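Trainee:
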Amino acid sequence: MSFFGFDTNLPKESMIPKNGEYDEDGIDFEETYDDLADRLEEEGDDLNDETFGISAGNIGRDFDFFHQTAQVSTKLENEQDDTRHPMGKVYDASTQAASLPQVNPTAASSARNPEANLDVSANTNMLSDLRPMASIWETIVPEKPSVQAAPPEVSSFQNRLGAQNSEKVFSLQELEEQLFNSLNAPGSGPKPQQPVASAMPPVNPVVSPAVQVPPPTSLAHDTFAALDPAVASIGNVSFPTQQSNVANPGLPLPPMMQPSQLFANSNLPPPQIPPVVYPSNMVYGAEPVPPVPLLNLFQQEKFEQARTLDEKRQKLERDHMLMAQCAGLMTRSDKSFIARIQISQLMSEDPESEDFYYRVYSIIRGRNPSEEDSSHFIRTYLGPSSNRRRGRRSENPMQRLQQQLQKLVSSTKERPKTTQLSLEGALGKIAINTVRTPRQLLNVKRPSEHTINAKETTFKGFATKKDVLQAIEKIYDWLLDFEHSLRKLSVSNVEDDETFNQWKNDLNHKLESIWNVLHINESLDSSSKARPPFLSVISHPKGMRLLPRLLPHLSKEQQFAILSVIVGNVDSLNIVLKGTFDANGELPAGIAAEMMAFTQFVIPSLLTIVNELGMANVNILFSQLLGRSNPLYLIQTKIGLSFLTMLISRAEILKQTGSCTEEDKENWARIFNGLFDCLKDHFATVFPPPNARAYADESYPWEFLAACATAASSDQHFVLVSETRDRVLDNIITSKRSPEEIAVVRIANVNLFLNAMGLDARQLSA
Amino acid sequence: MNQAGQIIPFTTSGSLVDYVDRKVIVVLRDGKKLIGILRSFDQFANLMLQYTIERIYVDDMYGDIDRGVYIVRGENVVLLGELDLDKEYEMEKGLRRVPAEHLYPLSKQRSDDKRKTLREKTKKLNTVGFSVDFGHDDLY
């Protein structure tokens, strides 16, 4: 519409060189004077009434563009170049509307107002029509306000014109129609329009019977969609489904509607009718329309968002509705029934036999298909009681389940847990350890009887003092045992020989064990250099105490053996080895006590043995003693002297009583003389040193001297006296000065010696 | 009693009670995925589903087929999971929805390939002493 002859061509078109020149400077106003005012042609005013709608009454609801717009088709052909402005007409209208009041303010405004009012009312009516219709196109409803809110300026113009969004849409529709017509007319060329042409006819009959409002609204969407090719493609793909839906636009969604719609995320726009419009629009839309499309994009984003949100909401609602519809098909009793079955299966001792499927399986597999199985099945699953079970147990399901749980727990506890299991193919057993069956990590063997006996047969001597003590203890044990049984029998009456014999055997047995334990025999080997074990026993005070108890029970031979051992090894006794007085006249620590113990316990018992010895034995012992030990050293010790004294006195007694042979006597004399010669000039050493005050009044040296005196000849006497004279006199003299008790002792000691020689202390007192 | 006033029987972890009347997805041993509302079950995990659709997934596409009410034998069920309705959109996020008919040939091809490779794999594993748990026709 170019009234005033206004050239509505874009400046771009003016750039097309008409003179063969191409002016790049844009509009150069000097040279673009086209003298339009002169070229103004007024022939366009014929249809002003039509265009501007002065007669408002003619405007009805029936906007039938197909006929009326055809009348202006020629006009539109001229403006066919204006492809880029689908809204161009709108703008033109708006500019015209803007300019109209200027041209004819009063008349036009008055004319326009009722028109506008009417238009408004008409439009509101249309809007009200829109709403119920839009219920089918649900998502469109919320967009309506947004679409309308967005372009206020445009809509205001449109309102004045009487063209709102719907009218904008209408203009589009108008445009579409123009296109259609233009396409039908020869002279259309471009290929893309052909499929459009083919599609168009089928679309039209679809559109026409439909209510008019939905198509426009969908068209609005179409255009929006067209501007976003991605959306358009979706529309293309979903075309077939849309067709089906379009067929029933008015039907409300049935509850059992296609679940695909329920569950599928329909991110395609709601069913749209002519997606074919897309390609056509795309043909147009080589470039998006400048100012209007910007607004459209913004609208479109919001539209999309709202649409998806809404879709989500609706889907959710639909889902919840569907879920709720048939809810409760499975009752509480059903659930507890199943739960009970599951628990009973957990608890069962032999799950396989209780499992239906397993039994069927085993039957199939060839177990004897016995009558009882099938009848059992029938009874359980098809019998009269199968349903009764259901009804009865619905009370207190919780309690029953708790009970079952307790049963389950207790049965597990009671069942004896396997400590071992052997899998097929695994070598041996696999141990399953718990706190109650821990794995044994150590293997400690008790030393058996056999090994103990083996040890005892080979006695190699006492290794440590502990061994000695152990041996002593062993001896004691046996000894006590022996004494006990001895006592027992002595107390009880001997009833018959059998018990007596038994007892005797018993005793003998014990004695033997003792003897074995003493290890005497091994020490008889004189060639052995090792210290005899018995000596170790004797060296110990406890062993010393043992000897007097033991010796009476032993046989003579045994006693002699003991004695000979001791005598033969006197020098190795500790008390003898260390028994000499040191420079201070002191004995080494503990030796004195040991000597005491020895003298107290051992010597007497040995003495008893000695006192029963025959001369021959005495000779043997004596020679043994002298042979193995050093007499000079011996006489310096108390114990040594004791032994010597013992033997010498015994020998003399035997000599005097005459119970010895001449040979023995001679032997004895020989030995004694040998000893005497050895000891000559050393007899003084028998005495403790003068500074040994504690031992000054010991009698043992005097006893020895006395013994020697009895055995000695008169020459030997002389030697003895001469060597001991000092001491003797000393004693006598000091005895006169010392107190009574000491004096008596000293005199007695001296007299021992002197008497043996036939002298007396009184004789010397002068 | 839970919030809905329902007595929940004490059950083991193998119970499907909590899934009843919820929208679930079930994967079967042959690889099918069924989405529906679980209405009932039993001790063998036989299931009854309503409003079921079978969804076929191939590459980045998926297609739905409406199936209605299903009864599934428990033996064939691999797994069952409840669907969060709020997050359903995320299930389909990276995927395109296509009509299921388009996916039939593709899906068949995929499952054939899978069956073949599975068979070969099983054979190979058996030679080195592994025992494979897949059943004869399992394609999941």
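Top to bottom, those sequences are chains Z and D.
Position 435, counted from 1, in the first sequence is what numbering that gives the first Met the number 0 calls 434; the numbers after and before it change by one each time, with no gaps.
Position 3, counted from 1, in the second sequence is what numbering that gives the first Met the number 0 calls 2; the numbers after and before it change by one each time, with no gaps.
Ideal placement from N, C-alpha and C gives every residue a C-beta, glycine not left out.
These figures come from a predicted structure and were not determined experimentally.
Could one say the Cβ of Ile36 of chain D lies closer than 8 Å to chain Z's Cβ atoms, at least one of them?
Mentor: Output row for Ile36 of chain D: interface = yes.
Trainee: How should Met543 of chain Z be labelled, buried or exposed, when 16 other C-beta atoms within 10 angstroms of its C-beta is the threshold for buried?
Mentor: Label assigned to Met543 of chain Z: buried.
Trainee: Closest to Lys509 of chain Z by C-alpha separation, out of Z:Ile474, Z:Glu651 and Z:Leu624, would be which residue?
Mentor: Ranking Z:Ile474, Z:Glu651 and Z:Leu624 by Cα distance to Lys509 of chain Z puts Z:Ile474 first.
Trainee: In the region 303-331 of chain Z, which residues sit with their C-beta less than 7 Å from some C-beta in chain D, listed in chain order?
Mentor: Under the 7 Å Cβ criterion, the region 303-331 of chain Z contributes Lys311, Leu315, Asp318, Leu321, Met322, Cys325, Ala326, Leu328, Met329 and Arg331.
Trainee: Is the CB of Val19 of chain D under 8 Å away from at least one CB in chain Z?
Mentor: For Val19 of chain D, the answer is yes, since a Cβ of chain Z falls inside 8 Å of its Cβ.
Trainee: Chain D partners of Ala430 of chain Z, CB-CB under 8 Å?
Mentor: Near Ala430 of chain Z there are no residues of chain D at all, since even the closest Cβ is about 25 Å away, more than 8 Å.
Trainee: How would you list, in chain order, the residues of chain Z whose beta-carbon sits under 7 Å from the beta-carbon of Gln49 of chain D?
Mentor: Going along chain Z in sequence order, the residues near Gln49 of chain D (Cβ under 7 Å) are Cys325.
Trainee: Please check the pair Asp85 of chain D and Ala326 of chain Z, which I expect to be a contact at CB under 8 Å, by giving their CB distance rounded to whole angstroms.
Mentor: About 19 Å; that fails the 8 Å criterion.
Trainee: Would you tell me roughly how many angstroms separate the C-alpha atoms of Glu651 of chain Z and Pro446 of chain Z, rounded to the nearest one?
Mentor: So the alpha carbons of these two residues sit roughly 56 Å apart.
Trainee: In the DSSP assignment, find the unbroken alpha helix (DSSP H) run with Phe40 of chain D in it and report its ends.
Mentor: Segment Lys32 to Phe40 is the beta strand (DSSP E) holding Phe40 of chain D; no alpha helix (DSSP H) there.
Trainee: Excluding the 5 residues preceding and the 5 following Pro200 of chain Z in the sequence, name in chain order all residues of the same chain whose CB lies nearer than 6 Å to its CB.
Mentor: Residue confidence is low: Pro200 of chain Z scores 44 on pLDDT, short of 50, so the model does not pin down where it sits. Its coordinate-derived value is still stated next. Nothing listed; no residue qualifies.
Trainee: Which stretch, first to last residue, makes up the alpha helix (DSSP H) that contains Ile731 of chain Z?
Mentor: That run of the alpha helix (DSSP H) goes Ser713 to Arg736.
Trainee: Could you say which of Z:Asn515, Z:Lys487, Z:Trp514 and Z:Leu517 lies nearest to Lys503 of chain Z if we only look at CA atoms?
Mentor: Ranking the options by Cα distance to Lys503 of chain Z, first place goes to Z:Lys487.
Trainee: Buried or exposed: where does Met86 of chain Z fall if 16 or more other Cβ atoms within 10 Å of its Cβ makes it buried?
Mentor: At Met86 of chain Z, the pLDDT of 49 sits below 50, so the modelled position is not reliable and the matter cannot be decided from this model.
Trainee: Taking only beta-carbon positions, decide if Ala425 of chain Z is within less than 8 Å of chain D.
Mentor: Output row for Ala425 of chain Z: interface = no.
Trainee: When you compare the CB positions of Lys32 of chain D and Arg54 of chain D, do they come within less than 8 Å of one another, or not?
Mentor: Yes, the Cβ-Cβ distance between Lys32 of chain D and Arg54 of chain D is below 8 Å.
Trainee: Straight-line CA distance for Arg118 of chain D to Asp29 of chain D?
Mentor: Going from the Cα of Arg118 of chain D to the Cα of Asp29 of chain D covers about 14 Å.
Trainee: May I ask which residues mark the beginning and end of the alpha helix (DSSP H) holding Tyr56 of chain D?
Mentor: First-last for Tyr56 of chain D: Leu46 to Val57, but that is the beta strand (DSSP E), not the alpha helix (DSSP H).
Trainee: Look at the Cβ atom of Met47 of chain D, then the Cβ atom of Ile70 of chain D, and state whether they are nearer than 8 Å.
Mentor: For Met47 of chain D and Ile70 of chain D, yes; Cβs fall inside 8 Å.
Trainee: Does Tyr699 of chain Z come out as helix, strand or coil in the three-state DSSP assignment?
Mentor: The answer is helix: DSSP assigns Tyr699 of chain Z an H, G or I state.
Trainee: Do we get a CB-CB distance below 8 Å when we pair Ile363 of chain Z with the residues of chain D?
Mentor: It does not; no Cβ of chain D falls within 8 Å.
Trainee: Assess contact between the region 665-681 of chain Z and the region 616-635 of chain Z, defined as three or more Cβ pairs (one per stretch) separated by less than 8 Å. Is contact present?
Mentor: They touch, by the three-pair rule.
Trainee: So, using beta-carbon positions, are Tyr61 of chain D and Leu94 of chain D closer together than 8 Å?
Mentor: Cβ atoms of Tyr61 of chain D and Leu94 of chain D: closer than 8 Å.
Trainee: Which residues in chain C sit within 9 Å of Lys31 of chain D, going by Cβ to Cβ distance?
Mentor: The structure shown has no chain C; the protein chains it does contain are Z and D.
Trainee: Please report the residue range of the beta strand (DSSP E) in which Glu81 of chain D lies.
Mentor: Segment Val76 to Glu81, the beta strand (DSSP E) holding Glu81 of chain D.
Trainee: By Cβ distance below 6 Å, which residues in the same chain neighbour Leu82 of chain D in space, the five residues on each side in sequence not counted?
Mentor: Contacts found: Lys22 and Ile24.
Trainee: Thinking C-alpha only, which one of D:Lys113, D:Lys123, D:Leu37 and D:Phe129 is nearest Asp136 of chain D?
Mentor: It is D:Lys113 whose Cα lies nearest to the Cα of Asp136 of chain D.
Trainee: By the 10 Å Cβ neighbour count, where 16 or more other Cβ atoms means buried, how is Ser782 of chain Z classified, buried or exposed?
Mentor: No statement about residue 782 of chain Z is possible, as the shown extent of chain Z runs from 0 to 765 and does not include it.
Trainee: Contact check, Val564 of chain Z vs Ile471 of chain Z under 8 Å by CB: the rounded distance?
Mentor: Val564 of chain Z to Ile471 of chain Z, Cβ: 16 Å. No contact.
Trainee: Count the CB pairs spanning the region 31-45 of chain D and the region 95-104 of chain D that are closer than 8 Å, and state whether there are at least three.
Mentor: Segments in contact, no.
Trainee: Can you give the Cα-Cα distance for Ser622 of chain Z and Pro738 of chain Z, rounded to whole angstroms?
Mentor: Rounded to the nearest angstrom, the two C-alpha atoms are 43 Å apart.
Trainee: Since I believe Leu643 of chain Z is in contact with Ile634 of chain Z (beta carbons under 8 Å), could you give me their beta-carbon distance rounded to a whole number of angstroms?
Mentor: Right, the Cβ-Cβ distance comes to about 7 Å (below 8 Å), so this counts as a contact.
Trainee: Using a Cβ-Cβ cut-off of 7 Å (strictly less than) and excluding sequence neighbours within five positions of Asp759 of chain Z, which residues of its own chain qualify?
Mentor: These residues qualify, in order along the chain: Asn750 and Leu753.
Trainee: Whole-angstrom Cβ separation of Leu79 of chain D and Tyr18 of chain D, contact assumed at under 8 Å?
Mentor: About 7 Å separates the two Cβ atoms, so the contact holds.
Trainee: Just to confirm, is the Cβ distance from Thr116 of chain D to Phe133 of chain D under 8 Å?
Mentor: Going by C-beta atoms, Thr116 of chain D is not nearer than 8 Å to Phe133 of chain D.
Trainee: Note down, in chain order, each residue of its chain lying with its Cβ closer than 7 Å to the Cβ of Leu719 of chain Z, except the 5 sequence neighbours on either side.
Mentor: Result list for Leu719 of chain Z: Phe682, Leu704, Cys707, Ala708 and Ala711, in chain order.
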